[in-house]
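Just add 6 to the spot in the sequence shown (first one is 1) and you have the working numbering.
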Amino acid sequence: MGSRMVGRTVIITGGASGIGLGIAKGLAAEGANVVIADLDLKSAETAAEAITKSGGHAIAAHVDVTKRLSVVAGIELAVKTFGKLDCYFNNAGFNKPMKFLDVTEENFNTIMSVNALAVFVGTQEAAKQFIRQGSGGKVVNTASIAGRTGFSSFAPYSASKAAVISMTQATARALAEHKITVNAFSPGVVATPLWTQLDKDLEAIGEGDSGFDSMAGGILVGRAAEPEDIVPTALYLASSDSDYVTGQTMAIDGGMILV
Ligand SMILES: NC(=O)c1ccc[n+]([C@@H]2O[C@H](COP(=O)([O-])OP(=O)(O)OC[C@H]3O[C@@H](n4cnc5c(N)ncnc54)[C@H](O)[C@@H]3O)[C@@H](O)[C@H]2O)c1
Numbered sequence: 007m008g009s010r011m012v013g014r015t016v017i018i019t020g021g022a023s024g025i026g027l028g029i030a031k032g033l034a035a036e037g038a039n040v041v042i043a044d045l046d047l048k049s050a051e052t053a054a055e056a057i058t059k060s061g062g063h064a065i066a067a068h069v070d071v072t073k074r075l076s077v078v079a080g081i082e083l084a085v086k087t088f089g090k091l092d093c094y095f096n097n098a099g100f101n102k103p104m105k106f107l108d109v110t111e112e113n114f115n116t117i118m119s120v121n122a123l124a125v126f127v128g129t130q131e132a133a134k135q136f137i138r139q140g141s142g143g144k145v146v147n148t149a150s151i152a153g154r155t156g157f158s159s160f161a162p163y164s165a166s167k168a169a170v171i172s173m174t175q176a177t178a179r180a181l182a183e184h185k186i187t188v189n190a191f192s193p194g195v196v197a198t199p200l201w202t203q204l205d206k207d208l209e210a211i212g213e214g215d216s217g218f219d220s221m222a223g224g225i226l227v228g229r230a231a232e233p234e235d236i237v238p239t240a241l242y243l244a245s246s247d248s249d250y251v252t253g254q255t256m257a258i259d260g261g262m263i264l265v
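If you want it as structure tokens, here you go:
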């Protein structure tokens, strides 16, 4: 067990699975008080129990990031349980690929709502809490390589992640006066349940060839990422080590797209 996050309370949206779960475990192992905020309460509870069993501090919170009141309730639960909030990870997200000409308003709006609007709302509500406390704070957003370069069957997803990158810059500017830093990281291809679903969905629209294996093929370090590969950067962005860094989006893609 390390100690870089001792006494710091962190909320991780989408913390019950994949990258968020990796971050929750990694930060708890460094002493953080972790709030696993997820739509899937059962998986969030299982994750929190596992962390507690291994000597960490964690609770589950039933949060739908698309509902402001739910986001606020998650923050209130964190503060009630652990006394304050230090860091907020806007990590929940999903993709539902469609061939570009088939994309519907519903597909576009749903992806934008979870991946982009919820980051906006989560940042506002976390910032309000940080400002009430008067001690600054940190927001960390999960962007994607898809926000740096567009993928044809992921147009709404790519747009949503580009929005995350630009919101990271805008909110860093807006919140600097309150000693709040806002940064993001952009994963490439990470082996998580998101990809299990994505591969099925790509197959269903006749694009099975552009799935996980083909995307992972061109990665310079020679393999796809595991959630654990994201943890050191997440820890850096959540800890005081990154106090002089704000408005940045750090690629964690094994050298996949080089932009
Ligand atoms: N896996 C990758 O290759 C990859 C690459 C780049 C970016 N990302 C991004 O990383 C983040 C995490 O992805 P993952 O691969 O770990 O996915 P995942 O599907 O394993 O986990 C996502 C979690 O988010 C939760 N969630 C979904 N909608 C929610 C909502 N409205 N409110 C609260 N929780 C909600 C789900 O219940 C799930 O637990 C996403 O933002 C994703 O876009 C993933």
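All residues carry an ideal CB built from backbone N, CA and C; glycine is no exception. These numbers were taken from a predicted model, which means no experiment stands behind them.
Evaluate V125 with the Cβ neighbour count: other Cβ atoms within 10 Å of its Cβ, from every protein chain shown; 16 or more gives buried, anything less gives exposed. With 16 or more other Cβ atoms inside 10 Å of its own Cβ, V125 counts as buried.
I'd like to know if the stretch 13-20 and the stretch 66-81 are in contact, where contact means that at least 3 CB-CB pairs between them fall below 8 Å. Verdict: yes, contact present.
Neighbourhood of I263 by C-beta distance below 8 Å, restricted to the same chain and skipping five residues each side: Answer for I263: I151, R154, T155, G194, A257, listed in chain order.
Comparing C-alpha positions only, which one of T198, L107, G37, T15 sits nearest to D235? Out of T198, L107, G37, T15, T198 has the C-alpha closest to the C-alpha of D235.
Going by beta carbon distance, what residues of the same chain come within less than 7 Å of F157, once the five residues before and after it are set aside? Same-chain partners within the cutoff: S164.
Just to confirm the assignment, what range does the alpha helix (DSSP H) spanning G143 have? Taken as a continuous stretch (DSSP letters only), G143 belongs to no alpha helix (DSSP H), being part of the beta strand (DSSP E) at 143-148.
Let's see if you can read the secondary structure: which residues bound the beta strand (DSSP E) around M256? Start and end: 255-258.
Can you tell me whether D92 is buried or exposed? The criterion is at least 16 other CB atoms within 10 Å of its CB, across all chains shown. D92 should be labelled buried.
Given 8 Å, three or more beta-carbon pairs between the stretch 217-237 and the stretch 25-41: Verdict: yes, contact present.
May I ask you to check if the CB of A244 is nearer than 7 Å to at least one heavy atom of ligand 1? Using a cutoff of 7 Å, the CB of A244 does not count as near ligand 1, since none of the ligand's heavy atoms is closer than that.
In angstroms with no decimal places, state the Cα-to-Cα distance between A273 and E82. Here the chain comprises residues numbered 7 to 265, so residue 273 is not present and cannot be evaluated.
Could you check which residue in A149, L33, K206, L181 has the C-alpha nearest to that of P103? That would be K206, whose Cα lies nearest to the Cα of P103.
Residues sharing a beta bridge with T19, DSSP: Residue pairing for T19: DSSP places it in a beta bridge opposite A43.
Give a yes or no on whether the C-beta atoms belonging to A169 and T252 are separated by under 8 Å. No, the pair does not count as a contact, with Cβ atoms beyond the cut-off.
What's the call for Y94, buried or exposed, on a 16-neighbour Cβ count within 10 Å? So Y94 counts as buried.
Using a Cβ-Cβ cut-off of 8 Å (strictly less than) and excluding sequence neighbours within five positions of I225, which residues of its own chain qualify? Here the set comprises G194, V195, D259, G260, G261, M262.
Check the C-beta distance from T15 over to A149 and give it rounded, since I have them as a contact under 8 Å. Rounded to the nearest angstrom, the Cβ distance from T15 to A149 is 23 Å, too far for a contact under 8 Å.
So Y94 is in the beta strand (DSSP E); what residue range does that whole segment cover? Under the DSSP assignment, Y94 falls in the beta strand (DSSP E) whose first and last residues are 93-96.
When the cut-off is 8 Å and only beta carbons count, does Y242 lie next to chain D? The structure shown has no chain D; it contains just one protein chain.
Helix or strand or just coil, what does DSSP make of P193? Note: P193 maps to strand in three-state DSSP.
My output table needs one value for V227: the three-state DSSP class, helix, strand or coil. The answer is coil: DSSP assigns V227 none of H, G, I, E or B.
What does a CB cutoff of less than 7 Å around F160 pick up in its chain, not counting 5 residues either side in sequence? Shown here for F160: same chain residues with a beta carbon closer than 7 Å to its own, the five before and five after excluded, namely N101, P103, A152 in chain order.
Out of V85, G13, S9, I25, which has the shortest C-alpha to C-alpha gap to E232? Among V85, G13, S9, I25, the Cα nearest to that of E232 belongs to I25.
To the nearest angstrom, how far is the alpha carbon of A34 from that of G214? Going from the Cα of A34 to the Cα of G214 covers about 37 Å.
So, under 8 Å CB-CB, N147 and T110 are touching, yes? Tell me the CB distance rounded to an integer number of Å. About 26 Å; that fails the 8 Å criterion.
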